[in-house]
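*Asks:* To start, I am sharing the structure in question, which I have written as structure tokens.
2 protein chains.
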Amino acid sequence: MGLAAAGVYAGRMEIQGLPGRVLDELGPAIASGEIPEGAVLRGEELEERFGVSRTVVREAVRVLEGMRLVASRRRVGITVQPKSLWDVFDPMVIRWRLAGSDRSAQLRSLGSLRVAVEPAAAALAAVHATDDDRRELSSLAVELTVTARAADLTTFLGHDIAFHALVLRASGNEMFAHLGDTVGAVLTGRTEYHLMPHQPEPYAIRLHREVAEAICAGDAGHAEAAMRTIVTGALEELNRQLG
Amino acid sequence: MGLAAAGVYAGRMEIQGLPGRVLDELGPAIASGEIPEGAVLRGEELEERFGVSRTVVREAVRVLEGMRLVASRRRVGITVQPKSLWDVFDPMVIRWRLAGSDRSAQLRSLGSLRVAVEPAAAALAAVHATDDDRRELSSLAVELTVTARAADLTTFLGHDIAFHALVLRASGNEMFAHLGDTVGAVLTGRTEYHLMPHQPEPYAIRLHREVAEAICAGDAGHAEAAMRTIVTGALEELNRQLG
DNA sequence: ATCGCCTCAAAGATATGACGTATTCAAGGG
DNA sequence: CCCTTGAATACGTCATATCTTTGAGGCGAT
Chain A
1271 MGLAAAGVYA GRMEIQGLPG RVLDELGPAI ASGEIPEGAV LRGEELEERF GVSRTVVREA
1331 VRVLEGMRLV ASRRRVGITV QPKSLWDVFD PMVIRWRLAG SDRSAQLRSL GSLRVAVEPA
1391 AAALAAVHAT DDDRRELSSL AVELTVTARA ADLTTFLGHD IAFHALVLRA SGNEMFAHLG
1451 DTVGAVLTGR TEYHLMPHQP EPYAIRLHRE VAEAICAGDA GHAEAAMRTI VTGALEELNR
1511 QLG
Chain B
1271 MGLAAAGVYA GRMEIQGLPG RVLDELGPAI ASGEIPEGAV LRGEELEERF GVSRTVVREA
1331 VRVLEGMRLV ASRRRVGITV QPKSLWDVFD PMVIRWRLAG SDRSAQLRSL GSLRVAVEPA
1391 AAALAAVHAT DDDRRELSSL AVELTVTARA ADLTTFLGHD IAFHALVLRA SGNEMFAHLG
1451 DTVGAVLTGR TEYHLMPHQP EPYAIRLHRE VAEAICAGDA GHAEAAMRTI VTGALEELNR
1511 QLG
């Protein structure tokens, strides 16, 4: 296999079993606003709704409580917390919101986050990337160019995700690295919902190559600038599409 | 009460009850590395260790599983996941790591994150802040100056936290806003562990005033630049102190 | 014939799911 | 101010599912 086969975009690692099933239904319902802030759910009600026992409901609720989506109080029930308290950085919450009616708000937030983080990550990567990282980055930049020319959107998306994830990881900052999956979700989302040009823009591709070259050369300033151009461009495109 | 009393730094909202107690002990033990990666815990063992029932252990474990700190598999037990999978943005995980032996690594990561995010937030705040935000920001800048001169470290810290949280919130980006508590934890941590000058530096104070003024004036570029100087300075100081 | 290795099936261990009961807390009525 | 009451909370037991281990058997090679 080629050097480019990293596949950093790791498996989903969902929570298993029945609590997972409950979560997959309840979480999106809350995150999308279908169950509004302040709504009160009773445990027993959830048992019936999902046809599971208290054990399962309670475990699922605990997880939601950990994400600050709900709070459970005696004599009151399970209360949906105001949005402002939610753990908006939790990967599950992000995915749920991207899948639901909050999608555009979530994409905007993530867009700004990318503008802040990715250029900084590129600059750090220029300093901290390993030789393997640099080799793979070059390789991905080539793949990106090739698949863009072939207008092969799906594999192009895959390489794009891998590229950005690699830059974030190569920064050497664990928190940046963990945004790789999130960025992947954003890129996937905006492709699925056609929030970007249908043909990858040659200029954007060129910028990706520039980022790769600058990181390989250890030129932090150039890497940061090129990456900033990429992500601000993406944010502008997003704002254009969403009005 | 004065305009400055926002107290955005919301209450801790810990998970309640016995599972919370278990979490408060088990979480830090894992996050600090005291229980190493790959270690396997059995449910029954945890029941004995904490003197609680299975229900409680299982709910606590589910929450840890939601943070990706552990994975629970049949016939094998509860295994501590490799660090690279942890949800490093989870506020609880951050607090646990800041309290434990990972403190310096966590502070470094957060330092870089601040450098990336806070200048961007300041620029956005210059555009999106409400009039109330601007008034309160000015007020906080004054308080900061006064308490710094009085060398009143504790209240100074409080105002510093409120200042940065307010800028993040005023950016209008929910994800930035949620980093307010995290930044608060960082500032508290570095004060507690004496990782900063014992006297607030007059230059840093001046920069805070500049940020406030720029945001009030709607000058995004200046706000961003001043904030960048603040956070890069903090990061450099951190690197100096940690070697 | 003995050793080594592979395959498959039984066994054992552990999480998982469900449920009955008791306790605790807080809201609301007397 | 106390009492009732409703709901979450906590405990313990049982049954089930599923994974890992292990060991028995077969097969080939030396």
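Chains as they are written, first to last, in my numbering: chain A, 1271 to 1513; chain B, 1271 to 1513. All C-beta atoms, glycine included, are put in the ideal place defined by N, C-alpha and C. These numbers were taken from a predicted model, which means no experiment stands behind them.
(1) Given this structure, state the Cα-to-Cα distance separating A:L1505 from A:M1337, to the nearest angstrom.
(2) What would DSSP say about A:T1452, mapped onto helix, strand or coil?
(3) Where does A:T1349 sit, in a helix, a strand or coil, going by DSSP?
(4) Can you grab the Cα-Cα spacing for the pair B:I1431 / B:V1453, in whole Å?
(5) B:A1294 touches chain A at which residues, Cβ-Cβ below 9 Å?
(6) In this structure, how does DSSP classify B:L1465 when only helix, strand and coil are distinguished?
(7) Determine the chain B residues that contact A:S1379 at a beta-carbon separation under 7 Å, and present them in chain order.
(8) Given this structure, state the Cα-to-Cα distance separating B:R1498 from B:H1398, to the nearest angstrom.
(9) Name the residue from B:I1500, B:T1325 and B:P1298 whose alpha carbon lies nearest to the alpha carbon of B:S1371.
(10) Restricting to runs no shorter than 3 residues, where is the beta strand (DSSP E) found entirely within the stretch 1290-1376 of chain B?
(11) Is A:G1381 buried or exposed, if buried means 16 or more other CB atoms sit within 10 Å of its CB?
(12) Please name the residues in the stretch 1402-1419 of chain B whose beta-carbon is closer than 9 Å to at least one beta-carbon of chain A, in chain order.
(13) Less than 8 Å between CB atoms is the rule here; does B:V1326 satisfy it with respect to chain A?
(14) I believe B:A1482 touches B:L1407 by the beta-carbon criterion, under 8 Å. Please report the beta-carbon distance rounded to the nearest angstrom.
(15) Classify A:D1489 as helix, strand or coil using the three-state DSSP reduction.
(16) With 16 other CB atoms within 10 Å as the buried threshold, where does A:A1274 fall?
(17) Chain B partners of A:V1387, CB-CB under 8 Å?
(18) What residues of chain B sit near A:H1434, judged by a beta carbon separation below 9 Å?
(19) Counting pairs of Cβ atoms below 8 Å between the stretch 1432-1446 of chain A and the stretch 1353-1360 of chain A, do you hit three or more?
(20) What is the rounded straight-line gap between the Cα of A:G1290 and the Cα of A:R1328?
(21) Can you list, in chain order, the residues of its chain whose CB lies under 8 Å from that of B:S1379, leaving out five sequence neighbours each side?
(22) Quick check: the stretch 1307-1319 of chain A against the stretch 1342-1351 of chain A, are at least 3 beta-carbon pairs closer than 8 Å?
(23) Taking the straight line between their C-alpha atoms, what separation do you get for B:Y1473 and B:A1411?
(24) Reducing DSSP to helix, strand and coil, say where A:Q1286 ends up.
(25) Under 8 Å, CB to CB, which of the residues in the stretch 1487-1509 of chain A have a partner in chain B?
(26) List, in chain order, every chain A residue whose beta-carbon is nearer than 8 Å to that of B:M1337.
(27) Determine the DSSP secondary structure at B:N1443, reduced to helix, strand or coil.
(28) Name the chain B residues whose beta carbon is nearer than 7 Å to that of A:H1448?
(29) Please decide whether B:A1390 counts as near chain A, where near means a Cβ-Cβ distance under 8 Å.
(30) Establish whether the CB of B:L1311 and some CB of chain A are separated by less than 8 Å.
(31) In three-state terms, what does DSSP make of B:E1480?
(32) Kindly indicate which three-state DSSP category A:A1420 falls into: helix, strand or coil?
(33) Can you confirm whether A:P1306, when its beta carbon is compared against all beta carbons of chain B, has any partner nearer than 8 Å?
(34) Can you tell me whether B:A1391 is helix, strand or coil according to DSSP?
(35) Using CA atoms only, rank isn't needed, just tell me which of B:R1344, B:V1333 and B:L1377 is closest to B:E1507.
(36) Determine the closest residue to B:V1363 out of B:L1296, B:A1435, B:L1512 and B:R1460, with distance taken between C-alpha atoms.
*Replies:* In short:
(1) Going by the C-alpha atoms only, they are around 27 Å apart.
(2) Correct three-state label for A:T1452: helix.
(3) It is a strand residue.
(4) Going by C-alpha positions, B:I1431 is about 7 Å away from B:V1453.
(5) Residue 1294 of chain B is actually Asp in this sequence, not Ala. Result: empty, since nearest Cβ-Cβ is about 13 Å, beyond 9 Å.
(6) Correct three-state label for B:L1465: coil.
(7) Ordered by position in chain B, the residues that pass the 7 Å Cβ test against A:S1379 are N1443, E1444 and M1445.
(8) Looking at the two C-alpha atoms, the distance is approximately 19 Å.
(9) Comparing alpha-carbon positions, the option among B:I1500, B:T1325 and B:P1298 lying closest to B:S1371 turns out to be B:P1298.
(10) Qualifying beta strand (DSSP E) stretches, in chain order: 1340-1343 and 1347-1350.
(11) By the 16-neighbour rule on beta-carbons within 10 angstroms, A:G1381 is buried.
(12) Along the stretch 1402-1419 of chain B, none of the residues has a CB nearer than 9 Å to a CB of chain A.
(13) Closer than 8 Å: no.
(14) Confirmed, about 5 Å.
(15) In this structure, A:D1489 counts as coil in the three-state DSSP scheme.
(16) Note on A:A1274: pLDDT 32, under 50, position unreliable in the model; the coordinate value appears next. Flag for A:A1274 reads buried.
(17) The contacting residues are L1383, A1386 and V1387.
(18) Result: empty, since nearest Cβ-Cβ is about 15 Å, beyond 9 Å.
(19) No contact exists between the stretch 1432-1446 of chain A and the stretch 1353-1360 of chain A.
(20) C-alpha separation (whole angstroms): 12 Å.
(21) Cβ within range, chain order: V1358.
(22) With the cut-off at 8 Å, the stretch 1342-1351 of chain A and the stretch 1307-1319 of chain A touch.
(23) Whole-angstrom Cα-Cα distance: 13 Å.
(24) Of the three classes helix, strand and coil, the one that applies to A:Q1286 here is coil, per DSSP.
(25) Within the stretch 1487-1509 of chain A, no residue has a Cβ that lies closer than 8 Å to any Cβ of chain B.
(26) In chain order: G1336.
(27) In the displayed model, B:N1443 falls within coil according to three-state DSSP, outside both helix and strand.
(28) Per Cβ cutoff of 7 Å: V1358 and F1359.
(29) Yes, contact with chain A.
(30) Closer than 8 Å: no.
(31) The answer is helix: DSSP assigns B:E1480 an H, G or I state.
(32) In the structure shown, A:A1420 adopts coil according to DSSP, grouped into three states.
(33) No, no contact with chain B.
(34) Helix at B:A1391.
(35) For B:E1507, the nearest C-alpha among the options comes from B:L1377.
(36) Restricting attention to B:L1296, B:A1435, B:L1512 and B:R1460, the CA atom closest to the CA of B:V1363 is found in B:L1296.
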